[in-house]
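Take a look at the structure below.
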Amino acid sequence: MDFADSPEEAAFRRRLRTWLTENNPGLPASSTSDEYWDGQAPWHQALYDAGFFALSWPEEIGGQGLPSVYEAIVDEELASAGAPPRPSLGYLVQGILRHGDDDVRRRFLPGIVNGRDRWCQGFSEPDAGSDLASLRTRAERRGDEYVISGHKVWTSYSDSAAWCLVLARTDQEAPKHRGLSAFAVPMDQPGIEQRPLKMINGITREFGEVVFDGAVARAADMIGKPGEGWRLAMTVVSHEREPGELGYVARYGKAVNELVERLRAEPERFSTENVRDVAWAIVEAEMLRLHVCRRLSDRLDGVSHGPEGSVDKLLMTAVEQAVGHAALGVSERTAGTKEDTWLKMYLYSRAQSVMGGTSQIQRNLVATRILGLPAS
Amino acid sequence: MDVRLSSEQQALRDAAARLVDDLGPKSVAELDDAARAAKLDTALDATGWRELRTPADGNRPLASAVEAAIVAEELGRGLADTSFLGPTLAAELRRLASAAPASVPETVLLTPDLSGLAVTADARCSGTAIDVRGITSALALAETDGGHDLVAVPVYGTSPGRDLTRPAAAVDGPPAERPPGARSPLTEADIEGWTAFAVSLTCADLVGAMRGAVQLACSYAGIRQQYGTTIGSFQSVQHMLADAHVSVEGSRSIALHAAWAADTLPAGEALDAAAVAKAYCARAARTVCETAVQVHGGIGNTWECLAHVYLRRVLLSTQLLGDVGAHLDRVVARRKIGGVHGGLR
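Those sequence lines, one after another, are chains A and B.
Residues 1 to 376, numbered by the numbering used here, are exactly what the first sequence covers, in order.
Residues 1001 to 1345, numbered by the numbering used here, are exactly what the second sequence covers, in order.
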């Protein structure tokens, strides 16, 4: 049991730290400014090209095949340098890796991993949120193609994506979980219209909604077999819940460091309550950093992704919202001079208990799958 | 980095779990079963786990703080009504002072609010000896040139406390004796390091007690019937228990790190790791045990239900070596964000 770096890990950490002194793009947090999204692709590519992204993914798809614990080192160093977090696409990669055939994996994964191809994920619909399996987007076979019609929402990065991983119903007769299939759909085509969703904090570039009206996907671009869509979706959402997969330790670490600096800069401005909120944000963020170390270490045994992801999602949510509350306190004492990024950070934090599966759903999963309580 | 327990550490955890599962109290009535408690005491003696922090080669402890935390967690989970924390902390003090091992069962003497080690003044030694079951002596600090010496004071009887499993004793007595063999006074760094270790053990106990409380409540939710079905099938009950489980998991990760840090990081950093962990674990533990009481409904508010025994153990472990506020203050002070207040006061 050792939290310390091995010699190899320490050398890696030093290289990354040195690289960051010259290559930190200094982007604002994704939760506070649309400007972040313009810089995301170049940041992803720079991180990848320098050998600091896709560390634990297989070499065949452009990864380095290293133990997952290296990701924890990356998150720590990004946070302490105040650099943007690593791109959160592990869930897409894992979904395609596990369910796609060799051809699909070879064609799509290297571009996702190296950051040259931008992707979004079309799962949720206006009437299919927590009850995802009730989704109504249809894909009908026509020769070598599928024709897709439906409405997707909460589609992250839809405005900049070249491809969308779409979950659609291919079998109207099958039970609702069985009739779904997944497709890689090119976004640049006449049958697709996407528009931004404006979030409560004013940002417009993270989420979009996408209307498919006779959009076309090649049959060869189905990910997995017909009817395998639900299983793929479960793989994707289970990874979407994991802070170790998302790299969010870096997000919170950076935000907490900024809050600490703010308090130190003008101590007379802040109340005991502000200080207390920031102290709790520090404690919560530190908990998540260490919890991710534990989870990523467990993967050295090859532990698969089970319902523990729901535990981690709830922990991550508590951290984001504690950081949000600390940011709100700072906002209240500093508002009025310039753009209120602290308020935006707070407002964005409310989405964390919804996106990637609501906290209510995560609690259901923890109660029934881990604690063994009977399904209600 | 590899924070999995080693196979030896897993074996230690399993052995500690077996010990309390066999001999720990299974009901409130069993707390009064002196024969059972004596068996638990004897069995723990036989394991040698109270001596984990005695010196082995050179002055290194026989076992790491992580191993001590593993035992503490299981004893907390099983509501072990035998002394472990006290003797372990006393042994650690003696090791740091290079003093000879204790010749009688020994604990530590804390200030009456239990927030730190008692320091003797003048010719009297007063404070609260913790975890005194089977204990006849307690170690306190005595100011001396260049630091603190250790002094041992006799402990008699017990005084009622909030925890039903680990009694304490008030001490207010004549001058005490210096343990033989102490080579040099304890420095501030020694005491910081000791505190980091001590706090990390209280965190481990909290994690264990929380786990035990969640298990107790889940078992009850699985058998208690209302409206013709088990209450564990109700979403409102499920969500409370799910939140409790999540708190335990977060606490476990942060407590494990504090234990590792106690032996590995410089004293100041180790104490910071302990402070962060204690604030998190203690806040979580009270809520988790309150949930356990709530899930038991009316029964949970009766003396006969074990839920309050967990809650009471958690309340004591929270108080020992600094509560939530004291540790949040440490977090604030170390990062210099207390501003004009200097802390949270």
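By construction, the Cβ of each residue, glycine as well, lies at the ideal position given by its N, Cα and C atoms.
TODO: Have a look at the DSSP bridge pairing and note the partners of A:Glu-140.
DONE: Along the first sequence, one-based indexing puts residue 140 of chain A at 140. According to DSSP, A:Glu-140 bridges with A:Val-147.
Task: Local conformation of A:Val-210 per DSSP, three classes - done: In the first sequence, residue 210 of chain A corresponds to position 210, counting from 1. Secondary structure of A:Val-210 (DSSP, three-state): strand.
Task: Alpha carbon of B:His-1308 to alpha carbon of B:Asn-1301, nearest angstrom - done: As a first step, residue 1308 of chain B is located in the second sequence; it is residue number 308 there, counting from the start. As a first step, residue 1301 of chain B is located in the second sequence; it is residue number 301 there, counting from the start. Distance between the alpha carbons of B:His-1308 and B:Asn-1301: 8 Å.
Open item on the list: Looking at the secondary structure, which residues open and close the alpha helix (DSSP H) in which A:Leu-300 lies?
Closed with: Here residue 300 of chain A corresponds to residue number 300 of the first sequence, with the count starting at 1. Careful: A:Leu-300 lies outside any alpha helix (DSSP H) and carries neither H nor E.
- [ ] Assuming A:Ser-149 and A:Thr-137 form a contact by the criterion Cβ under 8 Å, report the distance between their Cβ atoms to the nearest whole angstrom.
- [x] Stepping through the first sequence from its first residue, residue 149 of chain A is reached at position 149. Stepping through the first sequence from its first residue, residue 137 of chain A is reached at position 137. With a Cβ gap of about 7 Å, A:Ser-149 and A:Thr-137 count as contacting.
- [ ] Measuring alpha carbon to alpha carbon, tell me which of A:Arg-262, A:Tyr-48, A:Gly-95 and A:Gly-356 ends up nearest A:Lys-225.
- [x] Within the first sequence, numbered from 1, the residue matching residue 225 of chain A stands at position 225. Of the listed residues, the one whose Cα sits closest to A:Lys-225 is A:Gly-95.
Open item on the list: Pop quiz: A:Leu-259 and A:Ala-281 are said to be a contact at Cβ under 8 Å. What is the actual Cβ separation, rounded to whole angstroms?
Closed with: Your numbering for residue 259 of chain A matches position 259 in the first sequence. Your numbering for residue 281 of chain A matches position 281 in the first sequence. Rounded, the Cβ-Cβ distance is 6 Å, consistent with contact.
TODO: Return the residue from the list B:Val-1246, B:Asp-1041, B:Ile-1135 and B:Pro-1112 that minimises the CA-CA distance to B:Cys-1125.
DONE: Numbered from its first residue, the second sequence carries residue 1125 of chain B at position 125. Looking at the Cα atoms, B:Pro-1112 is the closest of the given residues.
TODO: Give me the Cβ distance between A:Phe-53 and A:Cys-293, rounded to the nearest whole Å; I'm assuming they're in contact under 8 Å.
DONE: Stepping through the first sequence from its first residue, residue 53 of chain A is reached at position 53. Stepping through the first sequence from its first residue, residue 293 of chain A is reached at position 293. Not confirmed; about 19 Å, so no contact.
- [ ] Could you tell me if the beta carbon of A:Phe-108 falls within a distance shorter than 8 Å of some heavy atom in the ligand ZN?
- [x] Among the components modelled here there is no ligand, and therefore nothing to report on the ligand ZN.
TODO: Note down, in chain order, all residues in the stretch 1148–1171 of chain B with a beta-carbon under 9 Å from any beta-carbon belonging to chain A.
DONE: For the stretch 1148–1171 of chain B, which is checked against every Cβ of chain A, not one residue is closer than 9 Å.
TODO: Determine the DSSP secondary structure at A:Leu-180, reduced to helix, strand or coil.
DONE: Taking the first residue of the first sequence as 1, we reach residue 180 of chain A at position 180. Correct three-state label for A:Leu-180: strand.
TODO: Round the Cβ separation of B:Pro-1025 and B:Leu-1079 to the nearest angstrom and send it over; I've been treating them as touching at under 8 Å.
DONE: For this step, residue 1025 of chain B is matched to residue 25 along the second sequence. For this step, residue 1079 of chain B is matched to residue 79 along the second sequence. Confirmed, about 6 Å.
Task: Top-ranked residue by Cα proximity to A:Arg-142, from A:Cys-120, A:Val-216 and A:Gly-39 - done: Start at 1 with the first residue of the first sequence, and residue 142 of chain A comes out as number 142. Minimum Cα distance to A:Arg-142 is reached at A:Val-216.
Open item on the list: Please state the DSSP three-state secondary structure of B:Arg-1178.
Closed with: In the second sequence, counting from the first residue as 1, residue 1178 of chain B sits at position 178. Residue state, collapsed to three classes: coil.
- [ ] Would you kindly check if the distance between the Cβ of A:Ala-79 and the Cβ of A:Gly-208 is under 9 Å?
- [x] Mapped onto the first sequence, residue 208 of chain A falls at position 208. Mapped onto the first sequence, residue 79 of chain A falls at position 79. When the beta-carbon positions are compared, A:Gly-208 and A:Ala-79 stay at least 9 Å from each other.
Open item on the list: I'd like the ranges of any alpha helix (DSSP H) spanning at least 4 consecutive residues and lying wholly in the stretch 259–302 of chain A.
Closed with: 272–298
Open item on the list: Would B:Ser-1098 and B:Pro-1055 be called neighbours here (beta carbons separated by less than 9 Å)?
Closed with: For the purposes of this step, residue 1098 of chain B is identified with residue 98 of the second sequence, where counting begins at 1. For the purposes of this step, residue 1055 of chain B is identified with residue 55 of the second sequence, where counting begins at 1. Yes, Cβ-Cβ distance for B:Ser-1098 and B:Pro-1055 is below 9 Å.
Task: Cβ pair A:Ser-130, A:Gly-357 closer than 9 Å - done: As a first step, residue 130 of chain A is located in the first sequence; it is residue number 130 there, counting from the start. As a first step, residue 357 of chain A is located in the first sequence; it is residue number 357 there, counting from the start. In contact: A:Ser-130 and A:Gly-357 (Cβ atoms closer than 9 Å).
Task: Below-9 Å beta-carbon distance, B:Val-1246 vs any chain A residue - done: Here the question's residue 1246 of chain B lines up with position 246 in the second sequence. Taking Cβ atoms only, chain A reaches closer than 9 Å to B:Val-1246, which makes this a yes.
Open item on the list: For B:Gly-1157, count the other beta carbons within 10 Å of its own beta carbon; 16 or more makes it buried, fewer makes it exposed. Which is it?
Closed with: Here residue 1157 of chain B corresponds to residue number 157 of the second sequence, with the count starting at 1. Looking at its Cβ environment, which holds fewer than 16 other Cβ atoms inside 10 Å, B:Gly-1157 is exposed.
TODO: Kindly provide the ranges of any alpha helix (DSSP H) runs that are 4 or more residues long and lie completely inside the stretch 1135–1223 of chain B, ordered along the chain.
DONE: 1188–1223
Open item on the list: Can you list, in chain order, the residues of its chain with a C-beta nearer than 7 Å to that of B:Gly-1325? Leave out the 5 residues immediately preceding and following it.
Closed with: Taking the second sequence and counting its residues from 1, the one referred to as residue 1325 of chain B is at position 325. In the same chain as B:Gly-1325, and ignoring 5 residues on each side of it, the C-beta atoms closer than 7 Å to its own belong to Leu-1344, in chain order.
- [ ] Evaluate contact between the stretch 1204–1214 of chain B and the stretch 1067–1083 of chain B, counting only Cβ atoms and requiring at least three cross-stretch pairs below 8 Å.
- [x] For the pair of segments examined, the stretch 1204–1214 of chain B was found to touch the stretch 1067–1083 of chain B: the number of CB pairs separated by less than 8 Å reaches three.
Task: Reduced DSSP secondary structure (H/G/I, E/B, other) of B:Asp-1263 - done: The residue given as residue 1263 of chain B occupies position 263 in the second sequence. Reduced to three states, the DSSP call for B:Asp-1263 is helix.
TODO: Say whether chain A places a C-beta atom closer than 9 Å to the C-beta of B:Thr-1264.
DONE: Here residue 1264 of chain B refers to the residue found at position 264 of the second sequence. Interface residue, yes.
Open item on the list: I want to see whether chain B comes within less than 9 Å of A:Leu-132, judged by CB atoms only; does it?
Closed with: As a position in the first sequence, residue 132 of chain A is number 132, starting the count at 1. Output row for A:Leu-132: interface = no.
Open item on the list: Would you say B:Asp-1002 lies against chain A (beta-carbon separation less than 9 Å)?
Closed with: Residue numbering aside, residue 1002 of chain B sits at position 2 when the second sequence is read from its first letter. Taking Cβ atoms only, chain A reaches closer than 9 Å to B:Asp-1002, which makes this a yes.
Task: Within-9 Å CB hit, B:Phe-1197 to chain A - done: Numbered from its first residue, the second sequence carries residue 1197 of chain B at position 197. Chain A has no Cβ within less than 9 Å of the Cβ of B:Phe-1197.
Open item on the list: Pairs of beta-carbons, one from the stretch 317–331 of chain A and one from the stretch 1026–1035 of chain B, closer than 8 Å: are there three or more?
Closed with: no
- [ ] Under 9 Å between beta-carbons, which chain A residues line up against B:Arg-1335? List them in chain order, please.
- [x] Taking the second sequence and counting its residues from 1, one reaches residue 1335 of chain B at position 335. Ordered by position in chain A, the residues that pass the 9 Å Cβ test against B:Arg-1335 are Val-260, Leu-263, Arg-264, Val-278, Ala-279 and Ile-282.
Open item on the list: Can you pull the chain B neighbours of A:Glu-9, defined as C-beta to C-beta under 9 Å?
Closed with: Numbered from 1 along the first sequence, position 9 holds the residue referred to as residue 9 of chain A. Chain B residues near A:Glu-9: Met-1001.
TODO: Could you list the residues in the stretch 1014–1041 of chain B with a C-beta less than 9 Å from some C-beta on chain A, going in chain order?
DONE: Result list empty, no residue passes.
Task: beta strand (DSSP E) segment containing A:Arg-169, residue limits - done: Taking the first sequence and counting its residues from 1, the one referred to as residue 169 of chain A is at position 169. Start and end: 163–169.
Open item on the list: Suppose the cutoff is 6 Å on Cβ atoms and the five residues either side in sequence are ignored; what does the same chain contact list for A:Arg-299 look like?
Closed with: Residue mapping note: residue 299 of chain A aligns to position 299 of the first sequence, counting from 1. So the list reads Ser-68, once near-sequence residues are dropped.
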